[in-house]
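Enquirer: This note's numbering numbers the first residue of the sequence shown as 13 and each following residue consecutively. Using N, Cα and C, we set each Cβ at its ideal position, and we do this for glycine too. Note that this is a predicted model, so its numbers are computed, not measured.
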Amino acid sequence: MKKFSISLIFLLLSISVTADYPDFSDLVDEAAPAVVNVSVIKTISTQNRMNPFSRRQNPFDDFFNFPFPFEDEPRREQEREVRSGGSGFIISKDGYIITNHHVVEDASQIFVSLNDRREFIAELIGSDKKSDVALLKISAKESLPFLDLGDSDDVDVGDWVLAIGSPYRLNFSVTAGIISAKARSVPGQGTSYIPFLQSDVAINPGNSGGPLFNLDGEVIGINAMIYSNRGGYMGISFTIPINYAQEIIDQLREDGFVKRGWLGVSVQEVTKDLADSFGLDVPRGALIGSVLTDSPAESSGLKDGDVIVDFDGNEIIYSGDLPMVVGRISPGEEVKATVYRDGRKKSIRVTVGELEEPEEDSNPIASAPKNNRLGMMVEDFEDIAERRNTDVEKIKENFGVKEGVVVSRVVSGPAFDAGLRRGDVITRIGMTNVSSKTEYENALEDLNNENVIPLRFVRNKNGAFVTIKIKK
13 MKKFSISLIF
23 LLLSISVTAD
33 YPDFSDLVDE
43 AAPAVVNVSV
53 IKTISTQNRM
63 NPFSRRQNPF
73 DDFFNFPFPF
83 EDEPRREQER
93 EVRSGGSGFI
103 ISKDGYIITN
113 HHVVEDASQI
123 FVSLNDRREF
133 IAELIGSDKK
143 SDVALLKISA
153 KESLPFLDLG
163 DSDDVDVGDW
173 VLAIGSPYRL
183 NFSVTAGIIS
193 AKARSVPGQG
203 TSYIPFLQSD
213 VAINPGNSGG
223 PLFNLDGEVI
233 GINAMIYSNR
243 GGYMGISFTI
253 PINYAQEIID
263 QLREDGFVKR
273 GWLGVSVQEV
283 TKDLADSFGL
293 DVPRGALIGS
303 VLTDSPAESS
313 GLKDGDVIVD
323 FDGNEIIYSG
333 DLPMVVGRIS
343 PGEEVKATVY
353 RDGRKKSIRV
363 TVGELEEPEE
373 DSNPIASAPK
383 NNRLGMMVED
393 FEDIAERRNT
403 DVEKIKENFG
413 VKEGVVVSRV
423 VSGPAFDAGL
433 RRGDVITRIG
443 MTNVSSKTEY
453 ENALEDLNNE
463 NVIPLRFVRN
473 KNGAFVTIKI
483 KK
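1) Could you spell out where the beta strand (DSSP E) holding Ser211 opens and where it closes?
2) Per DSSP, what kind of secondary structure is Val417 in: helix, strand or coil?
3) Here's a check: name, in chain order, each residue in its chain whose Cβ is nearer than 6 Å to the Cβ of Asp160, leaving out the five neighbours to either side.
4) Which of the three DSSP states is assigned to Asn474 in this structure?
5) Between the C-alpha atoms of Ile482 and Val169, what's the straight-line distance to the nearest angstrom?
6) Looking at the strands, I want to know which residues DSSP matches up with Glu230.
7) Out of curiosity, what's the CA-to-CA distance linking Ser220 and Gly344?
8) Alpha carbon to alpha carbon, how far is Gly475 from Gly218?
9) Do Leu156 and Ile102 have their C-beta atoms within less than 7 Å of each other?
10) Which of helix, strand or coil does DSSP assign to Val362?
11) State the Cα-Cα distance for the pair Ala498 and Ile320, rounded to the nearest angstrom.
12) Just the C-alpha distance for Ala44 and Val303, rounded to the nearest angstrom, thanks.
13) For the alpha helix (DSSP H) containing Lys141, name the first residue and the last one.
14) Go to Thr305, then tell me how far its alpha helix (DSSP H) extends in each direction, as first and last residue.
15) Can a CB atom of chain C be found closer than 7 Å to the CB of Val413?
16) Please classify Asn49: is it buried, with 16 or more other beta-carbons within 10 angstroms of its beta-carbon, or exposed?
17) Taking Gly339 as part of the alpha helix (DSSP H), name the residues at either end of that continuous run.
18) Give every residue of the same chain whose Cβ lies closer than 6 Å to the Cβ of Val270, excluding the five residues on either side of it in the sequence, and list them in chain order.
19) Run the CB neighbour count on Pro34, radius 10 Å, all protein chains shown included, and call it buried at 16 or more, exposed below.
20) How close, in whole Å, do the beta carbons of Tyr452 and Val390 come, if the pair is a contact with beta carbons under 8 Å?
21) In the DSSP assignment, find the beta strand (DSSP E) that holds Phe323 and state where it starts and stops.
22) Run through DSSP, which three-state label would Thr350 get?
23) Strictly by DSSP, which residues pair up with Val108?
24) Measuring alpha carbon to alpha carbon, tell me which residue in Arg421, Leu334 and Phe477 is nearest Asn445.
25) Between which two residues does the beta strand (DSSP E) containing Ser220 stretch?
26) How is the alpha helix (DSSP H) around Thr283 delimited, first residue to last?
27) Let me know the secondary structure DSSP gives Thr444 once reduced to three states.
28) Run through DSSP, which three-state label would Thr450 get?
29) With respect to the alpha helix (DSSP H) encompassing Lys408, which residues constitute its N-terminal and C-terminal limits?
30) Where DSSP assigns a beta bridge to Thr479, which residues make up the other side?
31) Grouping DSSP H, G and I as helix and E and B as strand, with all else coil, what is Leu39?
32) Gly355 and Gly297 - do their beta-carbons sit closer together than 7 Å?
33) May I have the straight-line CA-CA distance separating Ala349 from Val294, to the nearest angstrom?
34) Take Gln280 as the anchor and find which of Ile465, Tyr239 and Ile300 has the nearest alpha-carbon.
35) Please state the DSSP three-state secondary structure of Phe159.
36) Since Ala427 contacts Ile480 with CB under 8 Å, what's their CB separation in whole angstroms?
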């Protein structure tokens, strides 16, 4: 009897565990017909050398990689076709399809194939690089299968999710996993406007643009990228939330392009040292390193050194949270920002502007002597202008500042350890703005009792704060 009871308990536990494990088969049967394979043809122009002894290209040219043609070798333009592809999914019976921007970027032709082997030539309605979202359209004689869009804000970390796509051209492959994190930013990928869902669902090349489902069979995101140093799945995948993507799709369908909110600041993470130096209780928020001239931030009264902790009712924990929030606000809309300034909380009304593509600029580099206790040498703009026989305001404009002192040399010491380098412009030490060498040196003299101080500098026209640790 005792043995029977123990066996019965294990049997019931086994049944309970099995019952809790999701069965995806019905979901796949219903959803697969609306998941598509997207194939593209891109035409690439190349310039080739001609072998003077033959009308064909010299096959050894590429092998030896000659950097220059012979003088009597003519050049010719040659075009070649490159084929690539990804995944997508139909969102309406009249043939609208969502995929990734990088799947169809620069495509000369786009083809869509369905699970039932039907193929269509697709029209590109619109594509947005910053959100990595594209909208296609196909025309069919009969209604097409389509997927229901869910609410990605309702997704919780730990929820089961499923992906369908075409990894490595293996059409309609299914993988499953759980949500690992929400509102994730991926550093160094140029995707600062996307609040990614992170999961452990296996995503590989070819899955891009495919749907991520919840257990109700609703699309909660667009599979977009993996984080890998080998080009394949390493256990981390990133998906564009469908609520965010829907905002992009609506604009692409309406206008063919996307408008984004713009604030006009460069921000950085608030470290523990910076939080302590600014009087914050914990490291949080987006620290403004610089406010652009004639920007919405400048018009609203935001200043260098402000720490934005809330924007339009959205809590800002990390600096990457701010561009994701601002980008989703319609240009011209007025919102409230909460900042910490000089250790006090302050509310500021901000009218959000419209984002435009930034232009890249370069900086001249200065040099001049004058040592100090931080282990770096600085000089005034007036000295640089006199040496170069040019206008001082023009020099400041080239550096992207109105005031400050230029770092001409950095030796080993606190400044070097903090990351300061030659050509940086120091504009603030502690809570004191500096516009000359005299003010700079006076500010240092007032810091005798300080151990860790915030210092603001400008590099390549972008401002940032660092903490300088001075030995007492």
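Expert: Based on what the coordinates show:
1) For the purposes of this step, residue 211 is taken as the residue at position 199 of the sequence shown. Counting along the chain, the unbroken beta strand (DSSP E) around Ser211 starts and ends at Phe208 to Ser211.
2) As a working note, residue 417 is residue 405 in the sequence shown. Val417 carries a strand assignment under DSSP once its states are collapsed to helix, strand and coil.
3) Locating residue 160 in the sequence shown gives position 148, where the first residue counts as 1. Shown here for Asp160: same chain residues with a beta carbon closer than 6 Å to its own, the five before and five after excluded, namely Glu230 in chain order.
4) Residue 474 sits at position 462 when you count from the first residue of the sequence shown. In the structure shown, Asn474 falls within a strand segment according to DSSP collapsed to helix, strand and coil.
5) One-based indexing of the sequence shown puts residue 482 at position 470. One-based indexing of the sequence shown puts residue 169 at position 157. C-alpha of Ile482 to C-alpha of Val169: approximately 43 Å in a straight line.
6) For the purposes of this step, residue 230 is taken as residue 218 along the sequence shown, with counting starting at 1. None; Glu230 has no bridge partner.
7) The residue you call residue 220 lines up with position 208 of the sequence shown. The residue you call residue 344 lines up with position 332 of the sequence shown. Taking the straight line from one Cα to the other gives about 33 Å.
8) The count along the sequence shown starts at 1 and reaches residue 475 at position 463. The count along the sequence shown starts at 1 and reaches residue 218 at position 206. In this model, Gly475 and Gly218 are separated by some 40 Å (Cα to Cα).
9) Residue 156 sits at position 144 when you count from the first residue of the sequence shown. Residue 102 sits at position 90 when you count from the first residue of the sequence shown. Remark: C-beta atoms of Leu156 and Ile102 approach each other more closely than 7 Å.
10) Numbered from its first residue, the sequence shown carries residue 362 at position 350. Annotated three-state conformation of Val362 is strand, per DSSP.
11) Since the displayed the chain opens at 13 and closes at 484, residue 498 lies outside it and no answer follows.
12) Position 32 of the sequence shown, counted from the start, is the residue given in the question as residue 44. Position 291 of the sequence shown, counted from the start, is the residue given in the question as residue 303. For Ala44 and Val303, the distance between alpha carbons rounds to 49 Å.
13) Within the sequence shown, residue 141 is the residue found at index 129, counting from 1. Neither: Lys141 is in no alpha helix (DSSP H) and is coded neither H nor E.
14) One-based indexing of the sequence shown puts residue 305 at position 293. Under the DSSP assignment, Thr305 falls outside any alpha helix (DSSP H); it carries neither an H nor an E label.
15) Absent here is chain C; the protein component of the structure consists of one chain.
16) Here residue 49 refers to the residue found at position 37 when the sequence shown is read from its first residue. If you draw a 10 Å sphere on the C-beta of Asn49, you find 16 or more other C-beta atoms in it, and that means buried.
17) On the sequence shown, position 327 is the one that residue 339 refers to. In the DSSP assignment, Gly339 falls within the unbroken alpha helix (DSSP H) covering Asp333 to Gly339.
18) As a position in the sequence shown, residue 270 is number 258, starting the count at 1. Counting only Cβ-Cβ distances below 6 Å, and skipping sequence neighbours, we find Asp140, Ile260 and Gln263.
19) One-based indexing of the sequence shown puts residue 34 at position 22. Pro34 is exposed by the Cβ-count criterion.
20) Translated into positions along the sequence shown, residue 452 becomes position 440. Translated into positions along the sequence shown, residue 390 becomes position 378. Tyr452 to Val390, Cβ: 6 Å. Contact.
21) Within the sequence shown, the letter at position 311 stands for residue 323. Where Phe323 is concerned, the enclosing beta strand (DSSP E) starts and stops at Val319 to Phe323.
22) To locate residue 350, count along the sequence shown from 1; it is residue 338. Judged by DSSP in its simplified three-state form, Thr350 adopts strand.
23) Position 96 of the sequence shown, counted from the start, is the residue given in the question as residue 108. In the sequence as presented, Val is not what sits at residue 108; that position holds Tyr. Note: Tyr108 sits in a beta bridge opposite Lys149.
24) Here residue 445 corresponds to residue number 433 of the sequence shown, with the count starting at 1. The option with the nearest alpha carbon to Asn445 is Phe477.
25) On the sequence shown, position 208 is the one that residue 220 refers to. Where Ser220 is concerned, there is no enclosing beta strand (DSSP E), given that its DSSP letter is neither H nor E.
26) Residue mapping note: residue 283 aligns to position 271 of the sequence shown, counting from 1. First-last for Thr283: undefined, no H or E at that position.
27) Sequence index remark: in the sequence shown, residue 444 carries index 432 (1-based). It is a strand residue.
28) Counted from its first residue, the sequence shown places residue 450 at position 438. Helix.
29) By 1-based counting over the sequence shown, the position of residue 408 is 396. In this chain, the alpha helix (DSSP H) harbouring Lys408 covers Val404 to Phe411.
30) Within the sequence shown, the letter at position 467 stands for residue 479. Paired residues: Pro466.
31) By 1-based counting over the sequence shown, the position of residue 39 is 27. Under the three-state reduction of DSSP output, Leu39 falls in the helix class.
32) As a first step, residue 297 must be located in the sequence shown, where it is residue number 285. As a first step, residue 355 must be located in the sequence shown, where it is residue number 343. It is not a contact, given that the beta carbons lie outside the stated cut-off.
33) The residue labelled residue 349 in the question sits at position 337 within the sequence shown. The residue labelled residue 294 in the question sits at position 282 within the sequence shown. Going from the Cα of Ala349 to the Cα of Val294 covers about 19 Å.
34) Looking up residue 280 in the sequence shown gives position 268. The residue with the shortest Cα to Cα distance from Gln280 is Ile300.
35) Numbered from 1 along the sequence shown, position 147 holds the residue referred to as residue 159. The displayed chain sequence assigns Leu, not Phe, to residue 159. It is coil, neither helix nor strand.
36) The residue labelled residue 427 in the question sits at position 415 within the sequence shown. The residue labelled residue 480 in the question sits at position 468 within the sequence shown. Ala427 to Ile480, Cβ: 7 Å. Contact.
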